[in-house]
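Okay, structure first, notes after.
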Amino acid sequence: MTVDRILPTDEARDLLELTTELADRELAPKVVEHEQRAEFPREVLRTLGRAGLLGLPYPEEYGGAAQPYEVYLQVLEILAGRWLAVAEAVSVHTLSCYPVAAYGSEEQRKLLPDMIGGELLGAYCLSEPQGGSDAAALTTRAVRDGDGYLVTGTKAWITHAQVADFYNIFCRTGGPGPKGISCLLADRATPGLHPQAAERTMGLRSSPVAQVVFDEARVPADRLIGGDGAGFTIAMSALDSGRLGIAACAVGLAQAALDYAVDYARQREQFGRSIIDFQGLGFTLADLATQISAARALTLSAARLRDAGRPYSIEAAKAKLFATDVAMRVTIDAVQVLGGAGYVADHPVERYLREAKVLQIVEGTNQIQRLVISRALAKG
Numbered sequence: 000m001t002v003d004r005i006l007p008t009d010e011a012r013d014l015l016e017l018t019t020e021l022a023d024r025e026l027a028p029k030v031v032e033h034e035q036r037a038e039f040p041r042e043v044l045r046t047l048g049r050a051g052l053l054g055l056p057y058p059e060e061y062g063g064a065a066q067p068y069e070v071y072l073q074v075l076e077i078l079a080g081r082w083l084a085v086a087e088a089v090s091v092h093t094l095s096c097y098p099v100a101a102y103g104s105e106e107q108r109k110l111l112p113d114m115i116g117g118e119l120l121g122a123y124c125l126s127e128p129q130g131g132s133d134a135a136a137l138t139t140r141a142v143r144d145g146d147g148y149l150v151t152g153t154k155a156w157i158t159h160a161q162v163a164d165f166y167n168i169f170c171r172t173g174g175p176g177p178k179g180i181s182c183l184l185a186d187r188a189t190p191g192l193h194p195q196a197a198e199r200t201m202g203l204r205s206s207p208v209a210q211v212v213f214d215e216a217r218v219p220a221d222r223l224i225g226g227d228g229a230g231f232t233i234a235m236s237a238l239d240s241g242r243l244g245i246a247a248c249a250v251g252l253a254q255a256a257l258d259y260a261v262d263y264a265r266q267r268e269q270f271g272r273s274i275i276d277f278q279g280l281g282f283t284l285a286d287l288a289t290q291i292s293a294a295r296a297l298t299l300s301a302a303r304l305r306d307a308g309r310p311y312s313i314e315a316a317k318a319k320l321f322a323t324d325v326a327m328r329v330t331i332d333a334v335q336v337l338g339g340a341g342y343v344a345d346h347p348v349e350r351y352l353r354e355a356k357v358l359q360i361v362e363g364t365n366q367i368q369r370l371v372i373s374r375a376l377a378k379g
């Protein structure tokens, strides 16, 4: 299905056309093989970086494209429709550039051109084995030692853990609670930084997720981002943007699942006619199409608030919650439309279903999104 998009500029329209061309040429033909081998497509990310797609929302002075978030999210949606693992990688990498871009010193921001250009791939180390949703209770500690910090602890569920070139480490430099958390930027070659074996995940198998162990990892003091105690503020601010990225990925995945189910339903015949002509199935597809449009509109509405410099945290939570729940619903129904064919790997809908589940978990579970929204309602 062709999505009717209203774009702010001709440049944005050209950008989406470029994204579609790259996605069809560089992503779609490779996804099955990489997913089967659980192989991360590092060169695909470099290609996207050289095309300018990894730095879309960042300033031109640092190598970005200075595009509105509204446009960036539509790029993510297109990528997710071809290969969710790549779209998620772009979202995570963009999130990983955020601390330096938004809170870094001018000296630290000299690193941004290589980050944004895709020559350096980022990881965002916030969650821990015993503390995912309760980020303020993290226990990874950084102790000042001369001209650096010694970081000790374990981070969990880290996308790009084994393949990243830089790591944002959220760690405790002070007392308990959010005010004791800081953010350090570590290079891949940091002594004492040890990515572990990749997790065996249900979906996104070409996206390496693993624990990262820090054994007195020495990080230079000039890699402290935003000052001592600024880490929790940085993390929460970044997650607001990251939730919009995941919402856009969910919309793209749901659209791909719907498109495949519709094409199948047009071609599949039973009792002498296409199954899409049976009202029970046709109405199901109509409901799914409506829900996807609503998820897209909610996501882009939150992005426009961000672009306008207005508060958008609650709207980002709503978008992430709704879009990822829609993706789960659409992919389940897409498998049902195909019947037995939907349950085998010959058709991509079984992969879409496995992939949709993780979107309800990452960047804050959907239960956490409901908590964020309900607390805002309680405060009036």
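Numbering (numbering that gives the first Met the number 0), first residue to last: 0 to 379.
The beta-carbon is built from N, C-alpha and C at its ideal position, and this holds for glycine as well.
A check of alpha carbon separations from D221 across I275, D258, G191, E106 identifies E106 as the nearest. Counting along the chain, T200 sits inside no alpha helix (DSSP H), nor does DSSP assign it H or E at all. Collapsing the DSSP output to three states places P194 in a strand. For F321, the enclosing alpha helix (DSSP H) covers residues 312–337. Residue A88 holds the alpha-carbon nearest to the alpha-carbon of Y123 among R140, A88, L111, Y148. The beta carbon of P128 sits closer than 8 Å to those of T153, A155, Q210, all from its chain and outside the five residues before and after it, given in chain order. Counting only the Cα atoms, G145 lies some 48 Å from A11. Just so you know, the alpha carbons of G80 and Q66 end up roughly 21 Å apart.
By the CB criterion at 8 Å, A253 and A318 fall outside the cutoff.
Taking all protein chains in view, the Cβ of S373 is surrounded by fewer than 16 other Cβ atoms within 10 Å, so the residue is classified as exposed.
The C-beta distance from L320 to R272 rounds to 38 Å, too long to meet the 8 Å contact threshold.
Between P112 and V70, the C-beta gap is not smaller than 8 Å, which leaves the two residues out of contact. Using a C-beta cut-off of 8 Å, the region 275–282 makes no contact with the region 237–251, since fewer than three inter-stretch Cβ pairs fall below that distance. I5 sits in coil when the DSSP states are folded into three classes, being neither helix nor strand. DSSP, read as helix, strand or coil, puts F231 in helix.
Cβ contact annotation for L110 (same chain, cutoff 7 Å, sequence separation greater than five): V99, in chain order. Here A322 is buried, its C-beta having at least 16 other C-beta atoms within 10 Å. The Cβ neighbour count for S132, taken over all protein chains shown within 10 Å, is under 16; the residue is labelled exposed. Listed in chain order, the beta strand (DSSP E) runs fully inside the region 140–170 are 140–144, 147–158, counting runs of at least 3 residues. The continuous beta strand (DSSP E) containing V211 extends over residues 208–219.
In the structure shown, E362 adopts coil according to DSSP, grouped into three states. With respect to the C-alpha of N167, the residue from G230, L287, M201 having the closest C-alpha is G230. Remark: fewer than three beta-carbon pairs, one from each stretch, lie closer than 8 Å, so the region 43–59 and the region 224–239 are not flagged as touching.
The region 170–182 makes no contact with the region 194–207; the number of CB pairs closer than 8 Å stays below 3.
If only complete runs of 3 or more residues are kept, the region 267–291 shows no beta strand (DSSP E) anywhere. The beta carbon of V212 is closer than 7 Å to those of T153, H193, Q195 in its chain, skipping five residues each way along the sequence. In the structure shown, the three-state DSSP call for D113 is helix. Comparing alpha carbon positions, the residue from L119, D332, M235 closest to V162 is L119.
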